Amino acid sequence: MAAPRVERLEHGGYFKYALLLPAVIWVFAFTFLPLLSVIRFSFSSYVMGEGITGFVGFQNYVDVLTSGEFWQSILVTVVYVVVAVPIELVLGFLAAWLVNLGAPGSKTFRTIIGSPLFTLEVAIGYLGVTFFTDQGGLIAVPLSALGIHVPWMSTAYGGIAGAILLDIWRWTSFIFIIVLAGLAGISSELYDAAVLDAKNHWQVMWHLAIPLAWPVITIALLLRTVECLKTFAIPFALTSGGPGTSTQTFSAMDYLTTIQFFDFGKGSAMGIVFLILVSVVIAIFFQQMRKRLA
Amino acid sequence: MINILWTRAGFWSRVLVYTLLIAAAIFTLIPFVWAAINSVKTLMETFQLGAFIPFLQFEPTLDSWREVLSDPQTSTAFINSCVISAGTTIFALILGVPAAYSLARYEFRIGSSDITLWFLSQRVLPPAVVLVPFYLLLVYLHLIDTWTGLILCYSTFNLAFVVVIMRDIFRDVSTEIEDAAKVEGATPWQIFRMIALPLSLDGLVVSSVLVFAFSWNEALFASALTSQAATPFSALVLASRSTRGVDFNTAAVNTLIGIIPPVIFYLFVQRYLARGLSFGAVKG
Amino acid sequence: MTNRYDDKKFGDVVRGYVRGAISRRQFIVRGAQLGLSAAVLAKLTQPSRAAANLIDSDPASPFESPITSERVAFLKTKPYKGTTINVMVLKATVGDGLKYHVPHWEEATGGKVNVAEVPIETLHTQIFSDLSSGLGKYDAYMTGAWFYGDFFVPKDPYIVSVEKFISDPKHSYWDPDQWLPAMRKLYSWDEKVYGVLFDGDAQALYYRKDIFGKKGIQDKFKAKFNYDLPAPPKTTKEYHDVADFFTGWDWNGDGQNDWGISLHAKVNEQGFFHFLTLSAPFVVSPDNKYYFFNPDTMKPLINSEGHVRALEDYVKFLANGPKEEIAWTLGQGWNLFLDGHSATEPTWGDLPTLAQDPKTSKVQGKIGAAPLPGTTEAFNPITGQWKKYDLNQVGNTNGGSWHCVISRLSKKQEATYDFLSFMANRKNALFNCTTGWTGVQPGMKFEYIPPMGTGKVSDWTGANPPWNEDDVVEYLKAYYAVLAAPLQQEYLRIPGAAEYWHDLDINVSAVLAGQMQPKAALDATAAAWEKVTERYGRDKQKALYKASFE
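This is the structure in structure tokens:
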């Protein structure tokens, strides 16, 4: 029982272009042309103060692909996304479902649960340090009083776990806000009908709400995945990528290479490789979602 | 709008729902409370065992608050952030909403999904990489350290959100009313403006909230493309790190005050969600 | 100059003067003895202008002391009325220090200073973006000493020497000859001064004089290690014993177990300076001054036997502090000492400075200070030999030594210099280094008390917050000993210094976390350094590396 979506598209004449073109031209000018410059950098050797010092063919790409640090950062990023995003999706959906029931006080809960989206990730990362430190941290100290000693700050898995916890706190609200809009859009007549058929609450959720909200859920999932793959501020403010480079996400590595060390060549090559990897993932994602919808 | 599931729910179901909602609210609020506690500590107390409860375990001080609020940079950065985030929201919606409508309604030779994907792919590029060409571009346009410069950047990146979300919203709006309007002789523009847009208000609200929140949060471009006049609040928070390490107490103050403007914006636009004019009215 | 004999003698004097072996004053005295006219001498000594018309202060110019009469006259014209200069500074501490002087300079000269405060995270990026894009929005930048190499990448360097301004008496008076030589080096390139005095960083050892002085504790130490508790430890071996001794028991009597040493080692922070400083005496010795590279080949020395042993040694210190310190930032490291839980800390002069504020410290008046411990054996990475020494102690200038330099692109260089020199004037410089929140440390002789320098203890004890007299005497003695040590660890100032350091930083951190072995980590560092060197160009780096020693 899917929503009746628009299947037959109209031809539209010039009007469709009038609506679309400003955005396309804008994006073309401000991201496509910069992208060309990124591609050029990726084949060059660049030194701050001298500019491009020569074209080096695929050397930057070879350096990136053979660098252990690069693949480690990809691994960290993938672990981060694979753990954080599904949890955020489930929690965000459940919270949206509960709020959407419309119990008295729901508006207050909606505001509270949505509020982490408006915090600054950098600030949350710094705040995280005061959660996880053994020296009076709000999470670490009670836990160790219970005999659970987690080396949050001094090991790779502790640091990633801490960053993911913060990420879940910060970004569940994102899923929540989008999904809530989707759920709110399901008309009450449909519920009335479904409630008569269904044995319980869960069945309504499974057979009515999720299918109807599915497009919105996938959009939320897609956007969150894309953002999470670029995650930077929370883990970087919390651990700076350490100890060593064991919690360094891709974006953090790229940031250091490109912005801090002005190695535009290698930084750009890294970005292009990443773009290709992620585009493949997203294309597959889109394909699957489209199938699901058909 | 009260859901029928709630009106029909039994006592224990209601208790369960409230328990879960309250648990979620507590989970959400704890960091704010902790930030509030940290904001009245000294750095030394921040890293002391058993300094959880003010007055009882440590003597609170408002030094960090004073430091942040008395810094003229704080208010400048606040204004900058508000202008930049609001400007970005308006601009991204103006560009993105018509494009999304076009992609939802009309046929394109390349395929509207592919064009949407192309919009989204702009968001996939790691920010650190696009920062370099953007910097050079803004130098060329004399827009370094200006509101316009950051609005320009943020609009570009957030356009993808608007296009992706709004396209989906428009696809959910039934074409029946639009068809009827067409029969009445309405132009495509009138249909878009007077029928599709009002029916997609929920989507507009959600998109604007997201764009505003993302612009508010962005710190990397902000700290590279501004240095003084247009520095937004996010970049200022990044500066809690000094030569003496992170000042965790002012960071805590910033956590708290930094949330105020976007939450006000959220509450403001939320009113439109409550009008019940959701796309569900025509859906199904 | 009446005969050849005098000519030769005169030549010696001049050479001595140029090389800095004799001071300007001695030069004038000896030159006069050789019969040189005052006019000739004045001309020759122009870079550090003659002090004849220097007066202690002038009521019309309350912000400067000493001051030249030309300056007093110049200021009366409000020379920079209508001129606005843009300065980019580091946010907080040193940046606040600079901002403090802005209204004073504006009042004195009629000019305006526009200060942009940038976080340490992006300062380097901001500076070099502004310069390399040709934007040139700023007239001066506050810079860390390791940024210097990057300024000298282009043929026409990004910054201008300030020597031509120093010699002009209409600007605020300060004298580069007052610098301790190691510090002067960091403000210069190719023997020319580019930076205007502000901050002077070095690392020294700070310890709890009160605890070290307790009879019970001394006895306990002797019983355990069979020699007297060294206050301070002189060798790394002694330091390990001391750090070990003070770890894991409650020596301050507050009910909590305490620690022997406080370090901070979060990556992308400043923790790697600990390793640089503590490892220096394993490699730098009277027989070898090179620490980073072989100057002839630019091959990294960082994975030499000496460095590896130093790293093995450094890791051991980690057991004598909280395990979490591998994720600490600088403030957290200081906090442990200031809160009274650490017996020692090898760090910057900010620590004793912060200790003077009772709000942030429990250790005011209890601080001992000393140069960092040395070794009895050092490795010469150039010859590949170990050699024994009685005691091999090495001074350092590790840190930022934050100060301003003037952009080549600036159209208001003179006004900019005037502002910078205003802060370098003795009165203002003293304010900077005696006041805690500025984050500024002393690098000039007039900031030190006799016999090291010409300052007064009252300059410090009269500051706000006031210094404890014992603390300041201890601190200045130790700090001076580090900066004036005949044997100095070199400071890396070639292009890409930040990247070289980062490679070292992450690999040392991996060792501290037990993810890597010291040898493998330093080999990886060396390999990464080779890549950086290749990118910048080996020959260019070699030339700049050599130049950075001048």
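Protein chains in written order, with this note's numbering: chain Z, 1 to 294; chain B, 1 to 284; chain F, 1 to 550.
For every residue, glycine included, the Cβ atom is placed at its ideal position computed from N, Cα and C.
In this text the structure is predicted, and so the values were computed from the model without any measurement.
Straight-line Cα distance separating residue 221/F from residue 245/F: Numbered from 1 along the third sequence, position 245 holds the residue referred to as residue 245/F. Numbered from 1 along the third sequence, position 221 holds the residue referred to as residue 221/F. Approximately 7 Å between the Cα atoms of the pair.
So the alpha helix (DSSP H) residue 123/Z belongs to, where does it begin and stop? As a position in the first sequence, residue 123/Z is number 123, starting the count at 1. Start and end: 121 to 132.
Here's the rule I'm using: 16 or more other beta-carbon atoms within 10 Å means buried, otherwise exposed. How should residue 49/F be labelled? On the third sequence, position 49 is the one that residue 49/F refers to. Any answer about residue 49/F is weak, because its pLDDT of 49 lies below 50 and its placement is not dependable; what the coordinates show is given next. A buried status is given to residue 49/F, since no fewer than 16 other beta-carbon atoms sit within 10 Å of its beta-carbon.
Output the distance between the C-alpha atoms of residue 187/Z and residue 109/Z, rounded to the nearest integer angstrom. For this step, residue 187/Z is matched to residue 187 along the first sequence. For this step, residue 109/Z is matched to residue 109 along the first sequence. Between the C-alpha atoms of residue 187/Z and residue 109/Z there is a straight-line separation of about 22 Å.
Would you verify that the beta carbon of residue 41/F is, or is not, closer than 8 Å to some beta carbon of chain Z? The residue you call residue 41/F lines up with position 41 of the third sequence. Here residue 41/F scores only 48 on pLDDT, less than 50, and its place in the model should not be relied on; the value that follows carries that caveat. Not closer than 8 Å to any Cβ of chain Z, the Cβ of residue 41/F fails to qualify, so no.
Contact with chain B by residue 103/F, beta-carbon distance below 8 Å: Walking along the third sequence from the start, residue 103/F turns up at place 103. Output row for residue 103/F: interface = no.
Quick one: list the residues of chain B neighbouring residue 121/Z, beta-carbon separation under 7 Å, in chain order. Your numbering for residue 121/Z matches position 121 in the first sequence. Within 7 Å Cβ-Cβ: 217.
Measure the alpha-carbon distance for residue 251/F versus residue 263/F and round it to whole angstroms. Counting from 1 along the third sequence, the entry for residue 251/F is found at position 251. Counting from 1 along the third sequence, the entry for residue 263/F is found at position 263. Using only the alpha carbons, I get a separation of about 19 Å.
Roughly how many angstroms separate the alpha carbons of residue 44/F and residue 176/F, rounded to a whole number? For the purposes of this step, residue 44/F is taken as residue 44 along the third sequence, with counting starting at 1. For the purposes of this step, residue 176/F is taken as residue 176 along the third sequence, with counting starting at 1. Per-residue confidence for residue 44/F stands at a pLDDT of 48, beneath the threshold of 50, marking its modelled position as unreliable; the derived number appears in the next sentence. The straight-line gap from Cα to Cα measures roughly 16 Å.
How about residue 45/F: is its C-beta nearer than 8 Å to some C-beta of chain B? As a working note, residue 45/F is residue 45 in the third sequence. For residue 45/F, the predicted structure reports a pLDDT of 46, less than 50, and the residue's modelled location is therefore unreliable. A value from the coordinates is still provided. Chain B contact via Cβ: absent.
Tell me which residue opens and which closes the alpha helix (DSSP H) that residue 551/F is part of. Because residue 551/F is not part of the residues shown, which for chain F are 1 to 550, the question remains open.
C-beta neighbour in chain Z for residue 513/F, strict 8 Å: Here the question's residue 513/F lines up with position 513 in the third sequence. Yes, because at least one Cβ of chain Z sits closer than 8 Å to the Cβ of residue 513/F.
Can you confirm whether residue 195/Z, when its beta carbon is compared against all beta carbons of chain B, has any partner nearer than 8 Å? Counted from its first residue, the first sequence places residue 195/Z at position 195. It does; some Cβ of chain B falls within 8 Å.
CB residue 70/F to CB residue 170/F, shorter than 8 Å? Within the third sequence, the letter at position 70 stands for residue 70/F. Within the third sequence, the letter at position 170 stands for residue 170/F. Cβ atoms of residue 70/F and residue 170/F: closer than 8 Å.
With a cut-off of 8 Å, does the C-beta of residue 243/Z fall near any C-beta of chain F? Counting from 1 along the first sequence, the entry for residue 243/Z is found at position 243. Yes, contact with chain F.
Look up residue 403/F in the DSSP assignment and give the residues it is bridged to. The residue given as residue 403/F occupies position 403 in the third sequence. Note: residue 403/F sits in a beta bridge opposite 143/F.
Scan the region 183 to 214 of chain Z and note each continuous alpha helix (DSSP H) run of 4 residues or more that stays entirely inside, going in chain order. Here the runs fully enclosed are 188 to 197, 201 to 204.
Where residue 46/Z sits in the DSSP three-state scheme: Counting from one through the first sequence, the residue named residue 46/Z turns up at place 46. Residue 46/Z falls in the strand class under three-state DSSP.
Can the beta-carbon of residue 223/Z be found closer than 8 Å to that of residue 164/B? The sequence position of residue 223/Z within the first sequence is 223, counting from 1. The sequence position of residue 164/B within the second sequence is 164, counting from 1. Yes, the Cβ-Cβ distance between residue 223/Z and residue 164/B is below 8 Å.
For residue 64/F, the nearest candidate out of 403/F, 213/F, 421/F (CA to CA): The residue you call residue 64/F lines up with position 64 of the third sequence. The shortest C-alpha separation from residue 64/F is found at 421/F.
Quick check on residue 132/F - is its C-beta less than 8 Å from some C-beta in chain Z? Residue 132/F sits at position 132 when you count from the first residue of the third sequence. Yes, its Cβ sits closer than 8 Å to a Cβ of chain Z.
Per-residue burial, residue 168/B [other beta carbons within 10 Å of its own, 16 or more giving buried]: Your numbering for residue 168/B matches position 168 in the second sequence. Residue 168/B should be labelled buried.
Residue from 377/F, 207/F, 506/F, 248/F whose Cα sits closest to the Cα of residue 370/F: Here residue 370/F corresponds to residue number 370 of the third sequence, with the count starting at 1. Per the Cα distances, 207/F.
For residue 423/F and residue 46/F, the rounded distance between their alpha carbons: Indexing the third sequence from 1 puts residue 46/F at position 46. Indexing the third sequence from 1 puts residue 423/F at position 423. Interpretation of residue 46/F is limited by its pLDDT of 46, a score under 50 that renders its predicted location unreliable; the figure taken from the coordinates is listed afterwards. Between residue 46/F and residue 423/F, the C-alpha separation is close to 21 Å.
Could you work out which residue in 377/F, 350/F, 187/F is closest to residue 280/F when comparing CA atoms only? In the third sequence, counting from the first residue as 1, residue 280/F sits at position 280. Among 377/F, 350/F, 187/F, the Cα nearest to that of residue 280/F is on 377/F.
State the CB to CB distance for the pair residue 247/Z and residue 76/Z, rounded to an integer number of angstroms; the pair is presumed to be in contact (CB under 8 Å). Against the first sequence, residue 247/Z aligns to sequence position 247. Against the first sequence, residue 76/Z aligns to sequence position 76. So it is a contact: roughly 6 Å between Cβ atoms.
Give me the subset of the region 58 to 75 of chain Z whose CB atoms are less than 8 Å from a CB atom of chain F, sorted by chain position. Going along the region 58 to 75 of chain Z in chain order, one finds 63 with a Cβ nearer than 8 Å to chain F.
Any idea what DSSP makes of residue 249/F, helix, strand or coil? Locating residue 249/F in the third sequence gives position 249, counting from the first residue. Residue 249/F falls in the strand class under three-state DSSP.
Proximity to residue 261/F [Cα-Cα], best of 390/F, 209/F, 273/F, 321/F: For the purposes of this step, residue 261/F is taken as residue 261 along the third sequence, with counting starting at 1. Checking every option, the nearest Cα to that of residue 261/F belongs to 321/F.
What residues in its chain sit with their C-beta under 8 Å from that of residue 95/B, if we drop five residues either side in the sequence? Within the second sequence, the letter at position 95 stands for residue 95/B. 155, 159, 162.
Contact under 8 Å by Cβ, residue 190/F with residue 547/F: Residue 190/F sits at position 190 when you count from the first residue of the third sequence. Residue 547/F sits at position 547 when you count from the first residue of the third sequence. Taking 8 Å as the Cβ cut-off, residue 190/F and residue 547/F qualify as a contacting pair.
Counting only Cβ pairs nearer than 9 Å, list the residues of chain B close to residue 255/Z. As a first step, residue 255/Z must be located in the first sequence, where it is residue number 255. Per Cβ cutoff of 9 Å: 126, 127, 128, 131, 220.
Could you tell me the distance, in whole angstroms, from the CA atom of residue 175/B to the CA atom of residue 12/Z? Numbered from 1 along the second sequence, position 175 holds the residue referred to as residue 175/B. Numbered from 1 along the first sequence, position 12 holds the residue referred to as residue 12/Z. The alpha-carbon atoms of residue 175/B and residue 12/Z are separated by roughly 14 Å.
Is the Cβ-Cβ distance between residue 448/F and residue 476/F less than 8 Å? Numbered from its first residue, the third sequence carries residue 448/F at position 448. Numbered from its first residue, the third sequence carries residue 476/F at position 476. Closer than 8 Å, so yes.
Can you say whether residue 256/F is buried or exposed, counting buried as having 16 or more other CB atoms within 10 angstroms of its CB? In the third sequence, counting from the first residue as 1, residue 256/F sits at position 256. When all chains shown are included, residue 256/F counts as exposed.
Would you call the CB atoms of residue 37/Z and residue 133/B closer than 8 Å? If you number the first sequence from 1, residue 37/Z lands on position 37. If you number the second sequence from 1, residue 133/B lands on position 133. Yes, Cβ-Cβ distance for residue 37/Z and residue 133/B is below 8 Å.
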